[in-house]
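To start, the structure itself, in structure tokens.
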Amino acid sequence: MAENYGNDDKSALQAKTDAQKIAFAPIMFQAAKALRDFGILSFLRKNKDGKTTEEIAQEAKISNYGATVLLEAGLSLEMIMLKDGKYFLTKTGYFIIADKLTRVNMDFTHDVNYKGFYHLQEAIKKGKPTGLHKEFGNWATVYEALAEMPEKFRESWFGFDHYYSDDSFPQVMPVVFQNNPKKIMDVGGNTGKFALKCAEYNKDVQVTILDLPGQLNDANKNIKEKGFENRIQGHPINLLDFSKPYPKGYDVIWMSQFLDCFSEEEVVNLISNAHDAMDEHTELFIMETLWDKQRFEASTYSLHATSLYFTCIANGNSRMYHFENMKRLTEEAGLRVVEVFEDIGVSHTIMRCKK
Ligand SMILES: C[S@@+](CC[C@H](N)C(=O)[O-])C[C@H]1O[C@@H](n2cnc3c(N)ncnc32)[C@H](O)[C@@H]1O
1 MAENYGNDDK SALQAKTDAQ KIAFAPIMFQ AAKALRDFGI LSFLRKNKDG
51 KTTEEIAQEA KISNYGATVL LEAGLSLEMI MLKDGKYFLT KTGYFIIADK
101 LTRVNMDFTH DVNYKGFYHL QEAIKKGKPT GLHKEFGNWA TVYEALAEMP
151 EKFRESWFGF DHYYSDDSFP QVMPVVFQNN PKKIMDVGGN TGKFALKCAE
201 YNKDVQVTIL DLPGQLNDAN KNIKEKGFEN RIQGHPINLL DFSKPYPKGY
251 DVIWMSQFLD CFSEEEVVNL ISNAHDAMDE HTELFIMETL WDKQRFEAST
301 YSLHATSLYF TCIANGNSRM YHFENMKRLT EEAGLRVVEV FEDIGVSHTI
351 MRCKK
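Everything in the sequence shown is counted per the working numbering, starting at 1 for the first residue and increasing by one.
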């Protein structure tokens, strides 16, 4: 648990202003997305001398009325400025249109979460992913559903997941390979991106991916495409069936953006199963976005929001963890955290654990 976080130093006026931003957030989010998707922000980005409402409406192929309401919302969102009857892009508007991190987060919010979040309160009361159930179907978790989800959902889900982990890989490889592992097990290896990076990085290493059959179908396609079938294998398994042991004989066990998909009790069981597959020299690396280990306010904000995706859409019981929580759970499963690597990629921490 975090001991201290936040303050209450704002003026009452500022606090009331911020309260209105929260009150209208879903409406203004859709306005920002429309300004982006109708091409209005990129039009203003190209036209630094500004454009009128009529010119913008014509470019976006919408009515003057439609352009007016969106542009006026854009003023309050501070994405757009109005000077002498012409609209201009601001720095915030620039990030909405040009920054990949922001795009990935907005698409994830819209395509994966938006509709389901109407049901957040019920999800919290029941401890079930009610947003998933009411809007998409009655799967126990989103992971079982991924292979069958609408294309937009899949695109934005994978875009979000991969954006954060891909960016970490260049820093991750020297950490994972520091003791020259010959066999790596990637638990929750998803579409095989990490396994492929390992196989490209080291010409001898063998990698086994543990994941659900649906994800392994995608992984197998990618592995075949890159010609690594002889060094990367899939091992289909429901990891929530704790009676199923993990295969043994690995030098490294890798869990990236994986344990946040599970409740505290499940995390202990998953690490315990890894523990049972380890010998004295095996290393378990846990790579997570821990919310207290962030350099930027925006990262912590994003992680607190992402925790609620787990509540409402993913499984109803997991979250982005605090470092001390994750350390405690690792120790409960019988392992020691022997080294911590911070500031990996956009927002990751790696914990190296041993028996
Ligand atoms: C958030 S993704 C992380 C993927 C990847 N490790 C990364 O860093 O991008 C979590 C992965 O855990 C897998 N997973 C979740 N629940 C599972 C279960 N019960 N059994 C097997 N795999 C599971 C999902 O299918 C998914 O591939």
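For every residue, glycine included, the Cβ atom is placed at its ideal position computed from N, Cα and C.
- Helix, strand or coil for I223 per DSSP? Against the sequence shown, residue 223 aligns to sequence position 223. I223 falls in the helix class under three-state DSSP.
- Message: Would the region 213-222 count as touching the region 182-199 if we require 3 or more Cβ pairs under 8 Å?
- Response: yes
- Item | Cβ-Cβ separation, Y94 to R154 (assumed contact under 8 Å), whole Å | Numbered from 1 along the sequence shown, position 154 holds the residue referred to as residue 154. Numbered from 1 along the sequence shown, position 94 holds the residue referred to as residue 94. Between Y94 and R154 the Cβ distance is about 29 Å, and since that is not below 8 Å, they are no contact.
- Message: So, with DSSP's three-state summary, where would you put W254?
- Response: The count along the sequence shown starts at 1 and reaches residue 254 at position 254. Strand.
- Message: At a cut-off of 7 Å, would you count T306 as near ligand 1, judging by its Cβ distance to the nearest heavy atom?
- Response: What you label residue 306 is simply residue 306 of the sequence shown in a count that begins at 1. No, the Cβ of T306 stays beyond 7 Å of every heavy atom of ligand 1.
- Message: Can you find the residues in the same chain that come closer than 8 Å, C-beta to C-beta, to E331, ignoring five residues on each side of it along the sequence?
- Response: Reading the sequence shown from its first residue, position 331 is the one you call residue 331. The answer, listed in chain order, is V337.
- Message: Which same chain residues end up closer than 8 Å to G159 when comparing Cβ atoms and leaving out the 5 residues on each side of it in sequence?
- Response: Here residue 159 is taken as the residue at index 159 of the sequence shown, counted from 1. V104, D107, F108.
- Item | Under the three-state DSSP convention, the category T52 falls into | For the purposes of this step, residue 52 is identified with residue 52 of the sequence shown, where counting begins at 1. Three-state result, T52: coil.
- Is H110 helix, strand or coil by DSSP? The residue you call residue 110 lines up with position 110 of the sequence shown. In the structure shown, H110 sits in a helix (DSSP, three-state: H, G or I).
- Message: Please tell me whether P181 and T208 are closer than 8 Å, where the distance is taken between their beta carbons.
- Response: The residue given as residue 181 occupies position 181 in the sequence shown. The residue given as residue 208 occupies position 208 in the sequence shown. Contact flag unset, no.
- Item | Nearest candidate by alpha-carbon position, reference E135, set W157, K126, V112, K125 | Residue mapping note: residue 135 aligns to position 135 of the sequence shown, counting from 1. Per the Cα distances, V112.
- Query: Using CA coordinates, which residue listed in S307, A298, Y118, A333 is at the minimum distance from S347?
  - Reply: Walking along the sequence shown from the start, residue 347 turns up at place 347. Of S307, A298, Y118, A333, the residue nearest in Cα terms is A298.
- Query: In chain order, what residues of the same chain have a beta carbon less than 8 Å from the beta carbon of D49, not counting five sequence neighbours either side?
  - Reply: On the sequence shown, position 49 is the one that residue 49 refers to. K86, listed in sequence order.
- Buried or exposed: where does Q215 fall if 16 or more other Cβ atoms within 10 Å of its Cβ makes it buried? Residue 215 sits at position 215 when you count from the first residue of the sequence shown. Its Cβ being crowded by 16 or more others within 10 Å, Q215 is buried.
- Item | L239 CB to nearest heavy atom of ligand 1 below 7 Å | Position 239 of the sequence shown, counting from 1, holds the residue named residue 239. Correct: L239 has its Cβ closer than 7 Å to ligand 1.
- Would the region 313-326 and the region 114-134 be scored as touching if the rule is three or more Cβ pairs under 8 Å? yes
- Message: Taking DSSP's pairing of strands, which residues face P235 in a bridge?
- Response: Position 235 of the sequence shown, counting from 1, holds the residue named residue 235. This sequence places His at residue 235; Pro is not what is there. In DSSP, H235 forms a bridge with L210.
- Runs of alpha helix (DSSP H) lying entirely within the region 71-99, each at least 4 residues, in chain order: 91-98
- Would you list, in sequence order, the uninterrupted alpha helix (DSSP H) runs of no fewer than 4 residues that lie entirely inside the region 236-305? 264-277
- Task: Locate the beta strand (DSSP E) running through I184, then write down its first and last residues.
- Result: The residue given as residue 184 occupies position 184 in the sequence shown. From DSSP, the beta strand (DSSP E) with I184 extends over 183-187.
- Query: If you run the structure through DSSP and keep just helix, strand and coil, what is T349?
  - Reply: On the sequence shown, position 349 is the one that residue 349 refers to. Strand at T349.
- Message: If contact is defined by three or more beta carbon pairs under 8 Å, each pair taking one atom from either stretch, is the region 276-295 in contact with the region 245-263?
- Response: yes
- V176 in three-state terms, based on DSSP: Residue mapping note: residue 176 aligns to position 176 of the sequence shown, counting from 1. Reduced to three states, the DSSP call for V176 is helix.
- Query: Excluding the five sequence neighbours on either side, which residues of its own chain have a C-beta within less than 6 Å of the C-beta of P236, listed in chain order?
  - Reply: Along the sequence shown, read from residue 1 onward, the residue named residue 236 stands at position 236. Hits under 6 Å: P213, L216.
- Query: Among residues of its own chain, excluding the 5 on either side of L101, which ones have a beta-carbon nearer than 8 Å to its beta-carbon?
  - Reply: Here the question's residue 101 lines up with position 101 in the sequence shown. If we look at L101 and ignore the five residues flanking it on each side, its Cβ neighbours are Y163, V346.
- If you run the structure through DSSP and keep just helix, strand and coil, what is L62? Position 62 of the sequence shown, counted from the first residue, corresponds to residue 62. The sequence shown places Ile at residue 62, rather than the Leu named in the question. Three-state result, I62: coil.
- Tell me whether the beta-carbon of L82 lies closer than 8 Å to the beta-carbon of I40. The residue labelled residue 82 in the question sits at position 82 within the sequence shown. The residue labelled residue 40 in the question sits at position 40 within the sequence shown. Going by C-beta atoms, L82 is not nearer than 8 Å to I40.
- Message: To test your reading of the DSSP string, which unbroken alpha helix (DSSP H) runs of 4 or more residues are found completely within the region 111-181?
- Response: 120-126, 130-135, 142-145, 151-166, 169-176
- Task: Tell me, to the nearest whole angstrom, how far the beta carbon of D251 is from that of K183; I am working on the premise that it is less than 8 Å.
- Result: Here residue 251 corresponds to residue number 251 of the sequence shown, with the count starting at 1. Here residue 183 corresponds to residue number 183 of the sequence shown, with the count starting at 1. That belief holds up - the Cβ atoms of D251 and K183 are roughly 5 Å apart, short of 8 Å.
- Short Cβ contact (8 Å threshold) for I232 with M185: By one-based count along the sequence shown, residue 232 stands at place 232. By one-based count along the sequence shown, residue 185 stands at place 185. No; because the gap between Cβ atoms is not below 8 Å, this pair is not in contact.
- Alpha-carbon spacing of A25 relative to I350, whole angstroms: The count along the sequence shown starts at 1 and reaches residue 25 at position 25. The count along the sequence shown starts at 1 and reaches residue 350 at position 350. Using only the alpha carbons, I get a separation of about 34 Å.
- I think T53 touches T68, with their Cβ atoms under 8 Å apart; what is that distance to the nearest whole Å? Locating residue 53 in the sequence shown gives position 53, counting from the first residue. Locating residue 68 in the sequence shown gives position 68, counting from the first residue. Sure, about 6 Å apart at Cβ, within 8 Å.
- Task: Give me the Cα-Cα distance between M255 and V187, rounded to the nearest whole angstrom.
- Result: Here residue 255 refers to the residue found at position 255 when the sequence shown is read from its first residue. Here residue 187 refers to the residue found at position 187 when the sequence shown is read from its first residue. Using only the alpha carbons, I get a separation of about 5 Å.
- Message: Our contact map puts A32 next to M79 with C-beta atoms below 8 Å; I'd like the distance itself, whole angstroms only.
- Response: Locating residue 32 in the sequence shown gives position 32, where the first residue counts as 1. Locating residue 79 in the sequence shown gives position 79, where the first residue counts as 1. A32 to M79, Cβ: 6 Å. Contact.
- Run through DSSP, which three-state label would F38 get? Residue mapping note: residue 38 aligns to position 38 of the sequence shown, counting from 1. Coil, per DSSP.
- Query: Taking the C-alpha atoms as reference points, what is the distance between A199 and V205?
  - Reply: To locate residue 199, count along the sequence shown from 1; it is residue 199. To locate residue 205, count along the sequence shown from 1; it is residue 205. Computed Cα separation, rounded: 6 Å.
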